[in-house]
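In terms of the UniProt record's numbering, the sequence shown opens at residue 1 and continues consecutively.
Note that the Cβ used here is the ideal one computed from N, Cα and C, for glycine as well.
None of these values were measured; they are calculated from a predicted model.
Written out below as structure tokens is the structure these notes cover.
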Amino acid sequence: MSAPGQAALAPHAVTLGILAGGRATRLGGRDKAWLQRDGVPQVVRWQRHFSAQVHEVLASANAGPAAYAAQDLRVVADRAGEGGPLAGLDALAHACTTPWLLTLPVDLVGVNECLLQSLHAGAGGNGAFAQDDDGLQPLVALWRTQALRDAAGQALEAGQWAVHRLQAGLGMACVRFAGVRFGNLNTPDDLRAAGIPLP
């Protein structure tokens, strides 16, 4: 929900950027975007979850563009050769056409229903990032698109890849989600707990 006196963020003002470019080394290189839970790939799960709340859904990925296109997802590849998640954020910011960009990793297990509006309500001028019961979640964040576009490029050029450092420089707020655990699909045990079949 939004803070008193603050209007909710309208769908036409925000884009969802799904970070799906990780290497999944602890899962033998399996592409987390296409891990299926109840028959639905992770990337499609988040596309459906937020479709009514955003103007467009983008996927940051460096492989398999045809698979994304088949799901009506616009895929954007990293512009920088290296940079980890920061390179994905940079690519999403340059592809985004709305004032705000909501980002989340494709391998999250779940989010609360008011994630977008809660981040907006708690945002500073350049946005906010989440903290759940497991700690800081810098990639679960709402960014002022132009600010991210400028700052990410400068950070990549300087070789400063740490996302939390970028957020500190932008003065982004931390929004606490008490009693919430987003979770991640990082290991075979995580997959089993989420009901995802192992190969």
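N- and C-terminal bounds of the alpha helix (DSSP H) containing Ala-70: The residue labelled residue 70 in the question sits at position 70 within the sequence shown. Ala-70 -> alpha helix (DSSP H) spans 65 to 70.
Short CB-CB distance (under 8 Å) between Val-57 and chain D: Checking the listed chains, one finds no chain D in this structure; it contains a single protein chain.
Using three-state DSSP, classify Glu-56 as helix, strand or coil. Working through the sequence shown from its first residue, we reach residue 56 at position 56. Glu-56 sits in a strand when the DSSP states are folded into three classes.
Secondary structure of Arg-192, DSSP reduced to three states: Position 192 of the sequence shown, counting from 1, holds the residue named residue 192. Helix at Arg-192.
Could you tell me the distance, in whole angstroms, from the CA atom of Gln-146 to the CA atom of Gly-17? Taking the first residue of the sequence shown as 1, we reach residue 146 at position 146. Taking the first residue of the sequence shown as 1, we reach residue 17 at position 17. The straight-line gap from Cα to Cα measures roughly 14 Å.
Rounded separation between Asp-190 and Gly-110 - CA only: The residue given as residue 190 occupies position 190 in the sequence shown. The residue given as residue 110 occupies position 110 in the sequence shown. Between Asp-190 and Gly-110, the C-alpha separation is close to 13 Å.
Gly-17, DSSP secondary structure in three states: Walking along the sequence shown from the start, residue 17 turns up at place 17. Three-state DSSP puts Gly-17 in a strand.
Extent of the continuous alpha helix (DSSP H) to which Leu-102 belongs: Taking the sequence shown and counting its residues from 1, one reaches residue 102 at position 102. Run containing Leu-102: none in the alpha helix (DSSP H); it sits in the beta strand (DSSP E), 100 to 105.
With distances taken from CA atoms, which of Asn-126, Leu-104, Val-44, Gly-81 is nearest Asp-72? As a first step, residue 72 is located in the sequence shown; it is residue number 72 there, counting from the start. It is Val-44.
Use the C-beta contact count for Cys-96: other C-beta atoms within 10 angstroms, 16 or more gives buried, fewer gives exposed. Translated into positions along the sequence shown, residue 96 becomes position 96. The residue in question, Cys-96, is buried, as its Cβ has 16 or more Cβ neighbours within 10 Å.
Can you give me the C-alpha to C-alpha distance between Ile-196 and Leu-185, rounded to a whole angstrom? What you label residue 196 is simply residue 196 of the sequence shown in a count that begins at 1. What you label residue 185 is simply residue 185 of the sequence shown in a count that begins at 1. Roughly 10 Å separates the two Cα atoms.
When burial is assigned at 16 or more other CB atoms within 10 Å of the CB, is Gln-36 buried or exposed? Within the sequence shown, numbered from 1, the residue matching residue 36 stands at position 36. When all chains shown are included, Gln-36 counts as exposed.
Output the distance between the C-alpha atoms of Arg-192 and Gly-183, rounded to the nearest integer angstrom. Numbered from 1 along the sequence shown, position 192 holds the residue referred to as residue 192. Numbered from 1 along the sequence shown, position 183 holds the residue referred to as residue 183. Near 13 Å, if we compare the C-alpha coordinates of Gly-183 and Arg-192.
Residue environment, Val-140, which counts as buried when at least 16 other CB atoms sit within 10 Å: Looking up residue 140 in the sequence shown gives position 140. Per the 10 Å Cβ criterion, buried.
Helix, strand or coil: how does DSSP classify Asp-78 here? Residue 78 sits at position 78 when you count from the first residue of the sequence shown. Coil.
Would the region 78 to 88 count as touching the region 111 to 120 if we require 3 or more Cβ pairs under 8 Å? no
Selected residue, minimal CA-CA separation from Ala-128, among Gln-47, Ala-33, Leu-102: Indexing the sequence shown from 1 puts residue 128 at position 128. Comparing Cα positions, the closest option is Leu-102.
Which runs of the alpha helix (DSSP H) fall wholly inside the region 106 to 153 and span at least 4 residues, in chain order? 115 to 122
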